[in-house]
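Q:
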Amino acid sequence: MIQYQDTTVLIPQHELLSPNAKFENPVSLFSVGDNVEFVLTSRDQRGWRGSVHALTEARLRNALGNLQPGTAVRARVERFDDRGAWLLAGALVLRVPLAEISWSWIDHPSEVLDLAQEYIVQISTILLEENWLTEKRARNGRVTASIKACLPQPESPRITLYFKATEFQVRTFARVPRRCDAVALFALEALNQHLSVSEIAELTGLPLVSIQEIVALLGEEGLAAGETITQSGERLLAGVVTSKLLNDSGVAGLFASAAPAEQQVHPIDAVAQTYPRHLPTPVFSHKQQSRFMRLRGDELPDGLLLRAQIGEVQREQLTAMLRNPHVHLFLSHTPNWRALKLEVSQHWVLAGLWKSFHAVGRPPFRPPPKERGCDALLMVRYRDSAQQLYWEPATGTLWAPREGGVKAQEASVCAEDFIQHMPDDIAQRLAKAGPGTWCWVQL
Numbered sequence: 001m002i003q004y005q006d007t008t009v010l011i012p013q014h015e016l017l018s019p020n021a022k023f024e025n026p027v028s029l030f031s032v033g034d035n036v037e038f039v040l041t042s043r044d045q046r047g048w049r050g051s052v053h054a055l056t057e058a059r060l061r062n063a064l065g066n067l068q069p070g071t072a073v074r075a076r077v078e079r080f081d082d083r084g085a086w087l088l089a090g091a092l093v094l095r096v097p098l099a100e101i102s103w104s105w106i107d108h109p110s111e112v113l114d115l116a117q118e119y120i121v122q123i124s125t126i127l128l129e130e131n132w133l134t135e136k137r138a139r140n141g142r143v144t145a146s147i148k149a150c151l152p153q154p155e156s157p158r159i160t161l162y163f164k165a166t167e168f169q170v171r172t173f174a175r176v177p178r179r180c181d182a183v184a185l186f187a188l189e190a191l192n193q194h195l196s197v198s199e200i201a202e203l204t205g206l207p208l209v210s211i212q213e214i215v216a217l218l219g220e221e222g223l224a225a226g227e228t229i230t231q232s233g234e235r236l237l238a239g240v241v242t243s244k245l246l247n248d249s250g251v252a253g254l255f256a257s258a259a260p261a262e263q264q265v266h267p268i269d270a271v272a273q274t275y276p277r278h279l280p281t282p283v284f285s286h287k288q289q290s291r292f293m294r295l296r297g298d299e300l301p302d303g304l305l306l307r308a309q310i311g312e313v314q315r316e317q318l319t320a321m322l323r324n325p326h327v328h329l330f331l332s333h334t335p336n337w338r339a340l341k342l343e344v345s346q347h348w349v350l351a352g353l354w355k356s357f358h359a360v361g362r363p364p365f366r367p368p369p370k371e372r373g374c375d376a377l378l379m380v381r382y383r384d385s386a387q388q389l390y391w392e393p394a395t396g397t398l399w400a401p402r403e404g405g406v407k408a409q410e411a412s413v414c415a416e417d418f419i420q421h422m423p424d425d426i427a428q429r430l431a432k433a434g435p436g437t438w439c440w441v442q443l
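Every letter in the sequence shown is one number past the one before it in full-length UniProt numbering, and letter 363, counting from 1, is 363.
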């Protein structure tokens, strides 16, 4: 029982503990005459009831005042762990998740935050439940904030890379029933021209009974009804004709398998760049190439025909064929390839590197782990007694493989002196290891 002015307040035993307290016997916390801070929670016929447990929730709600999501405040770092940091804005405790501390991904808040240092943060979410005075489970109010939201988002520089682009062709064939040979298709075309069975027999020189059997076969396949061609038969004939026209016209494009998804498909007449002779074959992704060449029909990616700059008439024909159940579309590749010089996002390259490597020296920007990155690069490998190091020329960064290593296929000896661009201690060490080796690295 607590005496507050002229009012007696009952604090049940289960309401005596604060949320963070760990005592088996709450009664041992207090003695007669002690001052107790509590919250009035309810009133019934027996009088007022209070709670020590609800104090933390009450302070949070009081400290919030008029703050709303999107409000920017100054807050001081109180503590942090592997999942984020806790900052104090006046009496308000704010939680900043790890992903909201910096635009560049970090493994621990201590990489960019200092204890007791103030930062500007933006309120992200405010979680407050109802009935918190009477229900302990509702006392879990939380306020999350973001430091990243108060910082300018870094724009990724554009860098130039060479990619191996292989030629592909869009091929089609009509799905003709197995029992329908060339003679059956000829008979179907004749029915489409409103010829009778006897006229077809006279035209082909075949016995009338043979033509009758062929027409019956077409009926069993749903391509004809008596001597009248069905809608399915018309679609089959259209598919046969259009397939031949498209295959003869050579619908084709270029596929740069190791490039970003939106830059993989190019027109067949794309100008090949003059590729430096001292470099190995440009980078190529077997995984992406195999996945692309397995695409069939409506699996073909949206915009493929447009990005390949296929003619409008052909594009309309191909689109119509995708809706024709008698036509099958697929891709085939040729042994021909070209070197394409493309501008890509530096962050896209770094996202791929961070998944397989640790940065050596000053770390570059690190995109979030879920961000898509490259999966193949042409890099220079250096070996010494301590470890293997990889130099990425386009970003000018040096990397050490993560545990488990990387898949690297040697290409040729590197004649360029990249060591001069490395940190002094690393440069001195690698200078004794000899020239580096160009490698195709799968990330």
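Yeah, the Cβ is synthetic: ideal placement off N, Cα and C, and Gly gets one too.
Starting from the C-beta of E234, find all residues in its chain whose C-beta is less than 8 angstroms away, skip the five residues before and the five after it, and write them out in chain order.
A: Closer than 8 angstroms at the Cβ level, and outside the excluded window around E234, lie N192.
Q: Using a threshold of 8 angstroms, state whether the C-beta atoms of V77 and A54 are closer than that.
A: In this structure, A54 does not lie closer than 8 angstroms to V77 by Cβ.
Q: How about R366 and W348: are their beta carbons less than 8 angstroms apart?
A: Result no, Cβ atoms of R366 and W348 do not sit closer than 8 angstroms.
Q: Counting pairs of Cβ atoms below 8 angstroms between the region 201-213 and the region 274-284, do you hit three or more?
A: Contact between the region 201-213 and the region 274-284 is absent, because fewer than three Cβ pairs lie under 8 angstroms.
Q: According to DSSP, is M379 part of a helix, a strand, or is it coil?
A: Correct three-state label for M379: strand.
Q: Compare the Cα-Cα distances from S412 to each of S104, L195 and Y382 and report the closest residue.
A: Among S104, L195 and Y382, the Cα nearest to that of S412 belongs to Y382.
Q: Curious, which full-length beta strand (DSSP E) runs of at least 3 residues does the region 177-241 contain?
A: Entirely contained in the region 177-241, not one beta strand (DSSP E) run reaches 3 residues.
Q: Give every residue of the same chain whose Cβ lies closer than 8 angstroms to the Cβ of C439, excluding the five residues on either side of it in the sequence, and list them in chain order.
A: Hits under 8 angstroms: L378, M379, V380, R381, Y390, A408, Q409, E410 and A411.
Q: Nearest to L133 by alpha carbon, out of T144, G65, R43 and R179?
A: Minimum Cα distance to L133 is reached at R43.
Q: Report the rounded CA-to-CA distance for T437 versus L279, giving the unit in angstroms.
A: Each residue's alpha carbon lies about 11 angstroms from the other.
Q: Given a cut-off of 8 angstroms on the beta-carbon distance, is the pair H266 and G253 in contact?
A: Yes, the Cβ-Cβ distance between H266 and G253 is below 8 angstroms.
Q: Can you tell me the Cα-Cα spacing of I147 and V96, whole angstroms?
A: Their backbone Cα atoms lie some 7 angstroms apart in a straight line.
Q: Measuring straight from C-alpha to C-alpha, what distance separates A256 and F163?
A: Approximately 6 angstroms between the Cα atoms of the pair.
Q: Threshold first: 3 residues or longer. Then list the beta strand (DSSP E) segments lying entirely within the region 148-178, N to C.
A: List check, beta strand (DSSP E) in window: 158-174.
Q: According to DSSP, is D107 helix, strand or coil?
A: Here D107 sits in coil by DSSP.
Q: Near S104, what residues of its chain come up, given a Cβ to Cβ distance below 6 angstroms and the 5 sequence neighbours on each side ignored?
A: Only F365 and R366 meet the Cβ criterion.
Q: Taking the beta strand (DSSP E) that K407 falls in, what are its first and last residues?
A: Looking at the DSSP string, the run of the beta strand (DSSP E) that includes K407 is K407 to V413.
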